[in-house]
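Colleague: Starting off with a structure, shown below.
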Amino acid sequence: MAQAILLSAAVFSFPIGIHIFRLSFPFLRKINPIVSAYIFGLILVNSGIIGEEAFPILDLIATITVALSIPLMLFSVNIRTWFKESGKTGAAMGLAAVSIALTLFIGSFFFKQKLSDFPRISGMLVGVYTGGTPNLAALRAALSVPADLYLAVHASDILLSALYLMFIMTIARKVFSPFMKTETHEDMSYAAIMESDQEFTALGTLFSKGTVLPLLAALGLAVVIFAIAGATTLLVPPDSQTLAVILVITTLSLGASNFKKVRNIKKTFALGEYFILVFSASTGAMGNFSRILSSTPIVFIFVAFALFVSLIIHMLLCRFFKIDVDTMLIASTAAICSPPFVGVAALSLKRPSLVAPGITAGLMGYALGNYLGVLVFKLFSLL
Numbered sequence: 001m002a003q004a005i006l007l008s009a010a011v012f013s014f015p016i017g018i019h020i021f022r023l024s025f026p027f028l029r030k031i032n033p034i035v036s037a038y039i040f041g042l043i044l045v046n047s048g049i050i051g052e053e054a055f056p057i058l059d060l061i062a063t064i065t066v067a068l069s070i071p072l073m074l075f076s077v078n079i080r081t082w083f084k085e086s087g088k089t090g091a092a093m094g095l096a097a098v099s100i101a102l103t104l105f106i107g108s109f110f111f112k113q114k115l116s117d118f119p120r121i122s123g124m125l126v127g128v129y130t131g132g133t134p135n136l137a138a139l140r141a142a143l144s145v146p147a148d149l150y151l152a153v154h155a156s157d158i159l160l161s162a163l164y165l166m167f168i169m170t171i172a173r174k175v176f177s178p179f180m181k182t183e184t185h186e187d188m189s190y191a192a193i194m195e196s197d198q199e200f201t202a203l204g205t206l207f208s209k210g211t212v213l214p215l216l217a218a219l220g221l222a223v224v225i226f227a228i229a230g231a232t233t234l235l236v237p238p239d240s241q242t243l244a245v246i247l248v249i250t251t252l253s254l255g256a257s258n259f260k261k262v263r264n265i266k267k268t269f270a271l272g273e274y275f276i277l278v279f280s281a282s283t284g285a286m287g288n289f290s291r292i293l294s295s296t297p298i299v300f301i302f303v304a305f306a307l308f309v310s311l312i313i314h315m316l317l318c319r320f321f322k323i324d325v326d327t328m329l330i331a332s333t334a335a336i337c338s339p340p341f342v343g344v345a346a347l348s349l350k351r352p353s354l355v356a357p358g359i360t361a362g363l364m365g366y367a368l369g370n371y372l373g374v375l376v377f378k379l380f381s382l383l
């Protein structure tokens, strides 16, 4: 009991600790907080501070936090304005989803026999490459993915996504421009770019004046949605219960976002980020280095195949539908690296007008990623 309390306190206080360190040591701001959370968890388990007897507690924490993060990160989504605000960037985002699904189908001919968990990995990759880490985390729970495999996939994604982003910011336009429609560059507007920041929201903003009580109400609504979704386990077979819970949570959260009072609550996304950091720390603490390293080579190759082949297919589809190269690259960034990185891509491409539609398209990916991941998992399980 004492260990459970101490362990829970450690992982729930980690986001606060990393926030303090990032304020005190500016160089730490260069490190993605999610990466820091995984490192923290990996140190806990691989140094012997905690053992495998703690895994049930950590798994419970991971399940609860990811279930609460989904509604909090979706409450601010405005479904009714998706297509109006995203424009052709939204169409390019849809083509990105088609591209990753098609790539994984092609990959099944080469990797299915080599990866026993091919359907699960494919489901997670569709989620993360249409939405982001929150979808990867949700699908890990929905598809009952072992912690070691999840960490191997996510570690591969982090490294490859960094290489992808460097490509986008340097030579991507030059590489793709000969094959695609181009548009005139704009004058830079740093105000527009600064609306999107790749950093996680500072936790201190959650306690600003007029924020706490509405956030508590949003958290209460998230708990109610979690409880309703949990009740659905009585209606489905045991092996589909977690999957059903995640899909019901996603659906109810999107439904709640249609109410203006819910959608206008400030900082719900930031609170969802906090729970994602707790999830990441607890998941990292279930990662055994020896198991991760033994599975990583083939997993890494498969993730690399999925990312870069889908990028080529995405380019070809956008060319066919006459979508310009910059719009394609912004949509691709929103899909592969998640919406917060849209500003970085727009800055390098000198296209500030694409920030808002890029982020909107990325939020569509957040909302749809769980559904697409489950669909791909089910279809590939039949192969």
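In UniProt numbering, the protein residues as written are 1 to 383. Note that the Cβ used here is the ideal one computed from N, Cα and C, for glycine as well.
(1) Quick one: complete alpha helix (DSSP H) runs, 4+ long, within the stretch 233-316?
(2) Skipping 5 residues on each side, what residues in its chain have a beta carbon closer than 6 Å to that of Ala-334?
(3) Ala-147: which of Ala-281, Ser-36, Lys-112 and Pro-339 sits nearest, CA to CA?
(4) Taking the alpha carbon of Ser-122 as the reference point, which residue from Thr-103, Val-224 and Tyr-274 has its own alpha carbon closest?
(5) What did DSSP end up calling Val-98 once you bin it into helix, strand or coil?
(6) Which of the three DSSP states, helix, strand or coil, is assigned to Val-374?
(7) Considering only the alpha carbon of each residue, which of Gly-41, Ala-67, Val-355 and Pro-56 lies closest to Glu-273?
(8) Which ranges would you report for the alpha helix (DSSP H) in the stretch 4-73 if only whole runs of at least 4 residues count?
(9) Apart from the five residues just before and just after Ala-137, which ones in its own chain have a Cβ nearer than 6 Å to its Cβ?
(10) Can you find at least 3 beta carbon pairs, one from the stretch 324-339 and one from the stretch 157-177, that sit closer than 8 Å?
(11) By Cβ distance, which residues of its chain are closer than 7 Å to Gly-107, with the 5 residues on each side in sequence left out?
(12) Could you pull the start and end residues of the alpha helix (DSSP H) that Arg-120 belongs to?
(13) Return the CA-CA distance between Phe-275 and Val-11, expressed in angstroms with no decimal places.
(14) Buried or exposed, going by whether 16 or more other CB atoms sit within 10 Å of the CB of Leu-213?
(15) What residue range is occupied by the uninterrupted alpha helix (DSSP H) comprising Arg-173?
(16) Could you give the DSSP three-state label for Leu-77: helix, strand or coil?
(17) Taking the straight line between their C-alpha atoms, what separation do you get for Ala-227 and Arg-29?
(18) Taking all protein chains shown into account, decide if Arg-80 is buried (16 or more other Cβ within 10 angstroms of its Cβ) or exposed.
(19) What whole-angstrom Cβ distance do Arg-120 and Phe-377 have, given they're in contact under 8 Å?
(20) Please return the same chain residues whose Cβ sits closer than 7 Å to the Cβ of Gly-17, not counting the five positions on each side in sequence.
(21) Output needed for Cys-318: all residues of its chain with C-beta closer than 7 Å, excluding positions within five of it in sequence on either side, in chain order.
(22) Helix, strand or coil for Cys-337, going by three-state DSSP, please let me know.
(23) Inspect the beta-carbon positions of Leu-7 and Ile-49 and report whether they are closer than 7 Å.
(24) Short of 6 Å in beta carbon distance, which residues of its chain neighbour Gly-131, apart from the five on each side in sequence? Order them along the chain.
(25) Helix, strand or coil for Phe-321, going by three-state DSSP, please let me know.
(26) Whose CA, out of Ile-249, Tyr-371, Ala-346 and Thr-283, lies closest to the CA of Leu-149?
(27) Classify Thr-250 as buried or exposed, calling it buried when 16 or more other Cβ atoms lie within 10 Å of its own Cβ.
(28) In angstroms with no decimal places, state the Cα-to-Cα distance between Leu-46 and Phe-14.
(29) Using the C-alpha atoms, what's the distance from Ile-100 back to Val-128?
(30) Report all residues from its chain with a CB closer than 7 Å to the CB of Ala-192; omit the five preceding and five following residues, and keep chain order.
(31) Comparing C-alpha positions only, which one of Asn-258, Leu-316 and Lys-350 sits nearest to Asp-326?
(32) Are Leu-72 and Ser-257 close, meaning C-beta to C-beta below 7 Å?
(33) Indicate the three-state DSSP secondary structure (helix, strand or coil) for residue 384 in the structure shown.
(34) Is the distance from the Cβ of Lys-267 to the Cβ of Leu-221 below 7 Å?
(35) Could you tell me how far apart the beta carbons of residue 413 and Leu-379 are, in whole angstroms, since I believe they sit closer than 8 Å?
Modeller: Quick look at the numbers:
(1) 241-256, 260-263 and 268-284
(2) Val-342, Gly-358, Ala-361 and Gly-362
(3) Ala-281
(4) Thr-103
(5) helix
(6) helix
(7) Ala-67
(8) 33-46
(9) Val-66 and Phe-279
(10) yes
(11) Phe-302, Phe-305 and Ala-306
(12) 118-128
(13) 10 Å
(14) exposed
(15) 172-176
(16) For the record, residue 77 in the displayed sequence is Val; it is not Leu. Residue state, collapsed to three classes: coil.
(17) 36 Å
(18) exposed
(19) 6 Å
(20) none
(21) Ala-92, Leu-95, Met-180 and Met-328
(22) coil
(23) no
(24) Gly-365, Tyr-366 and Gly-369
(25) coil
(26) Thr-283
(27) buried
(28) Strictly speaking, residue 46 in this sequence is Asn, with Leu absent from that position. Roughly 17 Å between the two C-alpha positions.
(29) 10 Å
(30) A caution first: Ala-192 carries a pLDDT of 44, below 50, which makes its placement in the model unreliable, though a value can still be read off. The residues are Pro-352 and Val-355.
(31) Lys-350
(32) no
(33) Beyond the ends of the chain as shown, which are 1 and 383, falls residue 384; an answer cannot be given.
(34) no
(35) Shown here, the chain extends from 1 to 383; a query on residue 413 therefore has no answer.
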